[in-house]
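Heads up, the thing below is written out as structure tokens.
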Amino acid sequence: MNDKFSFLLRRFELPIEKALKNIIKDLSPFEKVIFGALIGFLVITTLMLLNSVNRFLVSDVPAYGGTLTEGVVGFPRFINPILATTDADRDLTALLYSGLLRATPDRGFVHDLAESYTIADDGLTYSFVIKEDAVFHDGVSVTTDDIVFTILRAKDPVLKSPKRANWDGVGVEKISDHEVVFTLLRPYAPFLENVTIGILPSHIWKEVEPEQFPFSDRNTEPIGSGPYKIKKIERNGSGVPEHYKLEAFDKYTLGKPYINTLTFNFYTGEDELLLSYKKGQIDALNSVASKSLKEINPKRVEQVPLPRIFAIFFNQNQAPIFSNYEVRRALDVVIDKEGIVDEVLGGYATIINGPIPPELLPRSSDHTSEEYNEKERVAEAKDILESGGWKFDEENLLWTHKSKGDLSFSLSTSNVNELKDISKLIVTSWEKLGVKVDLQIFDVSDLNQNVIRPRKYSSLLFGEIVGRELDLFAFWHSSQRNDPGLNIALYANITADALLEKGRTATDKRTQIDSYKDFEKEVKTDSPAIFLYSPDFIYVIPKQIKGLSLGSVTTPAERFLNVHEWYIETDRVWNFFSN
């Protein structure tokens, strides 16, 4: 080899290395052990220091991957944003479809299919521009034709869409392929909530006549533009879908979801659902009775208040006895609301004394922590009745009034375990006061069709889904006393009507809130119902799911509001890269 490269073969030694070898050579055996221990300690502490620095400079960030399997009671039939009626329908619709805007857990909105929007100063015109890269799961671009088609179908009386009331009186006009305008007859503060409706692909649905919409296979094999798309469907022997596997849609407008696969198993009832969870066949479930949680003992339970109220609504047309304020007030006072929440609902509810859920109007409930025992409640209720001229007939064991008759009536409710248990507690409280009550239990469909719609009940234990926005018009305005209105207390008050009208048309949030506060005071004064509680939404979910934010949940499907941000897998990266 050439001499000029011979230096590459030399062995180089640092002077310090040579000196260190000499020092070690001169050490005694004991000193060598001590020296080795010190060197080992130095190496360990150095590694620990480096690890601490690494942890400080490195963060976990969401990564793509993972699966989640959920169980749901009921089977999907209308996976369609304008026809969905059941929880099974709404769950899949929320994942497979997207709207112009998407509601967020904090009661706000983010742009979904919409690039931008403007609201006219008079609150009557809403203009939306659609994102040019928005596409359906089959790759076809989303245009204003799809927006107009969806809204017109939602408004079509032939379809009888649950969303129809939201669009009555609203005009929709295509300006261009990517701009659409909605025109209202009068200002409506919660209108932005309407445009979260999932958009149908007109190129798939336009050939289906309105009369055939409910019978189309597209309802169970849908194509939307939402965060997930269908990967696989399994049906039972009757052709009913009982298993859906969804995969993340990589062209979703808000970004591809982190969790790769969501699987849904559907069951005929809660018992079957709970058994599947105990067997480990599903990871998550929701909306089960609070008592069921003790049976399955989940490791993680998320809960948030639902914007719903449960109350006993009085029908003075069927039972004139309820036209007497002292009767309504005494029946309210004697009920053990704390017992209902603790004993039946397992604490998963909030006591209320007004028509607005606490989360929508935080000061809507004037309930205090002061508790009365049964004897005190009964004594107060008796005083109220006696001050109104009622006397207790010891022979017939009922309250009577010279001009108002006997205090007896019926209480109707649905054949749901929790409501049955609650109604029995209520009847027991009333009977201890000396009130005769006939408890009537109906199947859910029978109650809705043959009792509530024709208003054939004396008193009714029932729940109302108020929704994400403060709009109580349908529940309490006097114009809504008859079906299809939802004023099941048949409440009529001119002042309350004016406040409701003012609240739903106000464009200023402060004015809206003040209107509803005054409305609630009016209702409390009149006592057209006994307000009991607002339930919690219960969600059993694995610990490894991160990024979940329930926030405001109106229906179980709204647990998926930020599903595209949920994640299971993580990567560790240097902070300056993640930033």
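Numbering follows our numbering, with no gaps: position 143 of the sequence shown is 187. Think of the CB as a built atom: it goes at the ideal place given N, C-alpha and C, for glycine as much as any other residue.
Pairing LEU140 with GLU291, the inter-Cα distance amounts to about 10 Å.
Per DSSP, ALA178 lies in no alpha helix (DSSP H) segment and is marked neither H nor E. Within its own chain, the residues whose Cβ lies closer than 7 Å to the Cβ of ASP562, once the five positions on either side in sequence are excluded, are LEU543, listed in chain order.
Boundaries cannot be given for THR312, as no beta strand (DSSP E) includes it and DSSP labels it neither H nor E. The straight-line gap separating the alpha-carbon atoms of GLN325 and ARG344 is approximately 17 Å.
Inter-residue distance for ASP212 and VAL117 is about 32 Å (C-alpha atoms, whole angstroms).
By a beta-carbon distance limit of 8 Å, PRO120 contacts PHE310. Their separation comes to about 7 Å.
Annotation: the continuous alpha helix (DSSP H) that includes ILE428 extends over 418 to 431.
Rounded to whole angstroms, the separation of the alpha carbons of VAL216 and PRO245 is 17 Å. Apart from sequence neighbours up to five positions away, the residues of its chain that approach PRO342 with a beta-carbon distance below 6 Å are VAL584, ordered along the chain.
For ILE78, the number of other beta carbons within 10 angstroms of its own is below 16, and it is reported as exposed.
With fewer than three CB-CB distances shorter than 8 Å, the segment 187 to 205 does not count as touching the segment 274 to 284.
C-alpha of SER523 to C-alpha of ALA573: approximately 18 Å in a straight line. Per DSSP, the beta-bridge partners of GLY507 are PHE354. Membership of ALA138 in the alpha helix (DSSP H) is indicated by the continuous run 131 to 140. Between the segment 377 to 384 and the segment 462 to 475 there are three or more C-beta pairs closer than 8 Å, enough to call the two in contact. Around the beta carbon of TYR296, a 10 Å sphere encloses 16 or more other beta carbons of the protein chains shown; the residue is thus reported as buried. Counting C-beta pairs with one atom in each stretch, the segment 602 to 617 and the segment 148 to 157 have three or more that are closer than 8 Å, which means they touch. TYR232 and ASP165 have their C-alpha atoms some 13 Å from each other. Cβ-Cβ distances below 6 Å link GLU286 to ASN280 and PHE310 in the same chain, with the five nearest sequence neighbours on each side left out; the list follows chain order. Less than 8 Å divides the Cβ of ASP327 from the Cβ of THR113. In this structure, the straight-line span from the alpha carbon of ASN417 to that of SER431 is close to 22 Å.
Note that the C-beta distance between ASN361 and LEU534 is below 8 Å. With respect to the C-alpha of ARG548, the residue from THR539, SER473, TYR560 and GLY398 having the closest C-alpha is TYR560. Each residue's CA atom was taken as its position, placing VAL173 and VAL224 some 7 Å apart. Nearest Cα to GLY529 within the set PHE506, LEU505 and ARG499: ARG499.
Setting aside the 5 residues that flank it on each side, VAL184 is surrounded in the same chain by PRO245 and HIS247, each with a C-beta closer than 7 Å to its C-beta; the list follows chain order.
Residue pairing of TYR272 in beta bridges, as defined by DSSP: ALA292. In the structure shown, PRO206 adopts coil according to DSSP, grouped into three states. SER320 and ASN330 have their C-alpha atoms spaced approximately 13 Å apart.
The three-state reading of DSSP puts PHE563 in helix, counting H, G and I together. When the five nearest sequence neighbours on each side are left out, the beta carbons in the same chain lying within less than 8 Å of the beta carbon of ALA518 are those of ALA209, GLN524, GLY529, LEU530 and ASN531, in order along the chain. Following the DSSP letters along the chain, one finds TRP434 in no alpha helix (DSSP H), marked with neither H nor E. By the C-beta criterion, the segment 448 to 464 is judged to be in contact with the segment 488 to 502, since at least 3 inter-stretch pairs fall below 8 Å. Positions of the beta strand (DSSP E) runs, each at least 3 residues long and wholly inside the segment 433 to 518, are given as 435 to 437, 442 to 445, 452 to 458, 480 to 486 and 503 to 509 in order along the chain.
With contact defined as three or more Cβ pairs closer than 8 Å, the segment 583 to 597 and the segment 427 to 441 are not in contact.
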